[in-house]
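Numbering (this note's numbering), first residue to last: 16 to 285. Where a beta carbon is used, it is the ideal one built from N, C-alpha and C, also for glycine. Here's the structure, in structure tokens; my notes come after.
Rendered as structure tokens:
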């Protein structure tokens with residue numbers, strides 16, 4: 016694990032977080048990673064070219080360490096990062112999906128896979144943007160297929176195009192080592208999330224009755240009863256920072272200043 020800074024305002028004292036992308040190379044990584052959400056994959060490790068001993072070893076590496084907690088970083092546009100943290104607290108364990116920016120004092124919560132689960136945290140357009148928007152040369156997970164597979168537990172969207180979604184997941188699974196025929200069959204299982212069913216996403220317009228002149232949030236809200244995104248993501252950030260975050264989650268590449276504010280394009284810019 017390297018010494019990159021952990022997500023600000025997230026872990027309690029005495030429980031540091033450290034990037035651990037090297038765990039992705041473990042033979043049993045994927046069945047162990049999906050075990051808390053889609054437990055059947057842990058029982059079918061041969062789909063990923065692994066065996067039971069591989070899964071046990073990977074599970075210990077992912078869910079055992081308490082100092083530091085292992086995490087994976089998915090860098091996004093504008094200096095934002097999606098962190099996936101194995102919160103290996105002895106009294107409150109789970110896997111958290113968070114958005115951070117250096118200018119924010121605390122992370123935005125996308126989802127948690129645990130006994131008291133919360134989610135989804137990503138719509139289909141956002142998942143697609145996360146997959147394809149890794150900044151060149153950034154630290155963390157840059158491969159699109161790996162970013163897709165890592166983000167799937169936090170995803171849920173009733174309006175996702177089923178055939179396109181299956182094809183993209185199947186391609187990522189095949190690249191991760193699963194046989195093509197098995198990957199196509201397995202891909203459909205990821206669109207049937209065991210913790211939430213049929214959530215939809217909408218961007219709120221300005222209410223003509225409110226009398227407010229403030230612009231509505233550009234971030235979509237989820238109607239899922241367990242989703243933390245029934246309210247705007249990363250509450251407490253400024254309107255400029257919120258627009259920059261929305262741009263990062265739609266794959267738009269805008270210049271952002273060190274405080275996370277989206278900069279206006281210069282004259283003559285496209």
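In the DSSP annotation of this structure, the continuous segment of the alpha helix (DSSP H) that includes residue 188 starts and ends at 177-190.
The Cβ-Cβ distance between residue 52 and residue 177 does not fall below 8 Å.
Distance check between residue 60 and each of 199, 192, 114, 231 places 192 closest, using alpha-carbon atoms only. Cβ-Cβ distances below 6 Å link residue 57 to 46, 50, 70 in the same chain, with the five nearest sequence neighbours on each side left out; the list follows chain order. In the three-state reduction of the DSSP assignment, residue 197 falls in the helix class. In terms of CA proximity to residue 72, 39 leads the group 99, 39, 104.
By a beta-carbon distance limit of 8 Å, residue 169 does not contact residue 196. Their separation comes to about 27 Å. With a threshold of 16 other beta carbon atoms within 10 Å, residue 187 meets it and is buried. The Cβ neighbour count for residue 235, taken over all protein chains shown within 10 Å, is at least 16; the residue is labelled buried. By DSSP's assignment, residue 45 forms no beta bridge with any residue. One thing to note: residue 110 has its Cβ no nearer than 8 Å to the Cβ of residue 98.
Annotation for residue 255: the continuous alpha helix (DSSP H) segment containing it runs 254-263. Per DSSP, residue 139 is one residue of the alpha helix (DSSP H) stretching across 139-147. Linking residue 32 to residue 145 through their CA atoms gives a straight-line distance of about 22 Å.
Taking the CA atoms as reference points, residue 173 sits about 32 Å from residue 151. In this structure, DSSP gives residue 133 an extended state, which the three-state scheme calls strand. Annotated three-state conformation of residue 166 is helix, per DSSP.
Rounded to the nearest angstrom, the Cβ distance from residue 153 to residue 256 is 19 Å, too far for a contact under 8 Å.
Residue burial annotation: residue 91 is buried, with at least 16 other C-beta atoms found within 10 angstroms of its C-beta.
The alpha-carbon of residue 121 is positioned some 35 Å away from that of residue 185.
Put simply, the backbone Cα of residue 155 is about 34 Å away from that of residue 230.
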